[in-house]
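Reading through the structure tokens given below for one structure.
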Amino acid sequence: MSSDQTASLIYLTLLVGVIAGSFLVANRQKLSTVVQQGAIWFFIFVGAIVVFGMWDEVSQTVLPRQSVVVGDGEMVIEVPRSQDGHYHMVLDVNGAPIRFVVDTGATDLVLTQEDAARAGIDLEELRYFGTAYTANGTVRTADIRLDTVGVGEIVDANVPAVVNEGDMNVSLLGMSFLGEFGRIEIENDTLRLVR
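The opening residue of the sequence shown carries number 3 in the working numbering; numbering runs sequentially from there.
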């Protein structure tokens, strides 16, 4: 800890001490009530910090997530609708977990530049010769082949995809990949891909 950080910590500790002390002196007649209320607020504050710090673990336990069910000669991937109204899937792309939004309006499996780099694609080697027409306008794309794309026990090799040169928040799981499934169903806010 630097000397500036130590000085700031000492200053904040003294400031909190002075504020707490003046509050206790002003309310000394009802001290037991003040202590109870202070304890309640302390535990609310600590609880909020714990929930915020562990939100990823808590949300995975409480909120539904994608699952792969095998049975009757079929493999079914079930994906719950997210809070944003879309269906999101995590696929293993060249060994890296990549989050996609399921987009039946997209022709291709489209990677953001960040996700392409995470999947081991050398962005310096890409040639943006393709064009895509999106809601945000025309963007250039680079055709690539992914070594593997998998979810559960399903692993496809040599999968065609494109890398979008434009700004994208999330990669798109388009029809070039979704078309490999025999059925696509949506029921009760759950997307089912059957192969």
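By construction, the Cβ of each residue, glycine as well, lies at the ideal position given by its N, Cα and C atoms.
What are the residues that DSSP puts in a beta bridge with residue i?
i: M91; result: F102
i: L111; result: L175
i: N166; result: T143
i: V161; result: L148
i: R194; result: E80, E187
Can you name, in chain order, every residue of its own chain whose Cβ lies under 8 Å from the Cβ of residue i, other than the five neighbours on each side?
i: I42; result: none
i: N160; result: R147, L148, D149
i: I156; result: V70, M77, I79, R197
i: R83; result: Y89, D191, T192, L193
i: T133; result: T140, V141, R142, T143
i: R67; result: P82
Would you call residue i buried or exposed, if buried means 16 or more other Cβ atoms sit within 10 Å of its Cβ?
i: I46; result: exposed
i: I188; result: exposed
i: L93; result: buried
i: F102; result: buried
i: M170; result: buried
i: M91; result: buried
i: D124; result: exposed
i: L193; result: buried
i: A108; result: buried
i: I79; result: buried
i: G49; result: exposed
i: F179; result: buried
i: G55; result: exposed
i: Y89; result: buried
i: G75; result: exposed
i: V20; result: exposed
i: V104; result: buried
i: L174; result: buried
i: I51; result: exposed
i: I12; result: exposed
Apart from the five residues on each side of it in sequence, which residues of its chain come closer than 6 Å, Cβ to Cβ, to residue i?
i: V36; result: N29
i: L16; result: none
i: V151; result: L93, V95, D158, V161
i: A2; result: Within the shown structure, residues of the chain are numbered from 3 to 197, placing residue 2 beyond reach of any answer.
i: G154; result: V70
i: D110; result: V164, G176, S178
Counting only the same chain and skipping the five closest in sequence on each side, list residues whose C-beta sits under 7 Å from that of residue i.
i: F183; result: L195, V196, R197
Please tell me whether, using a cut-off of 8 Å, the distance from the CB of residue i to the nearest non-hydrogen atom of the ligand HEM is below it.
i: L11; result: The ligand HEM is not among the ligands present in this structure, which contains no ligands whatsoever.
Margin query: With a threshold of 8 Å, are at least 3 pairs of Cβ atoms found where one atom belongs to the segment 180–187 and the other to the segment 115–122?
Written below: Too few Cβ pairs lie closer than 8 Å, so no.
- request: Count the CB pairs spanning the segment 136–144 and the segment 163–171 that are closer than 8 Å, and state whether there are at least three.
  value: Flag = yes, the segment 136–144 and the segment 163–171 touch.
_I'd like the ranges of any alpha helix (DSSP H) spanning at least 4 consecutive residues and lying wholly in the segment 31–86._
Runs of the alpha helix (DSSP H) inside the segment 31–86: 33–55, 57–64.
#### Entry: beta strand (DSSP E) segments (min. 3 residues) lying fully within the segment 122–153
Under the rule that a run must span 3 or more residues, the beta strand (DSSP E) segments found entirely inside the segment 122–153 read 132–136, 139–153.
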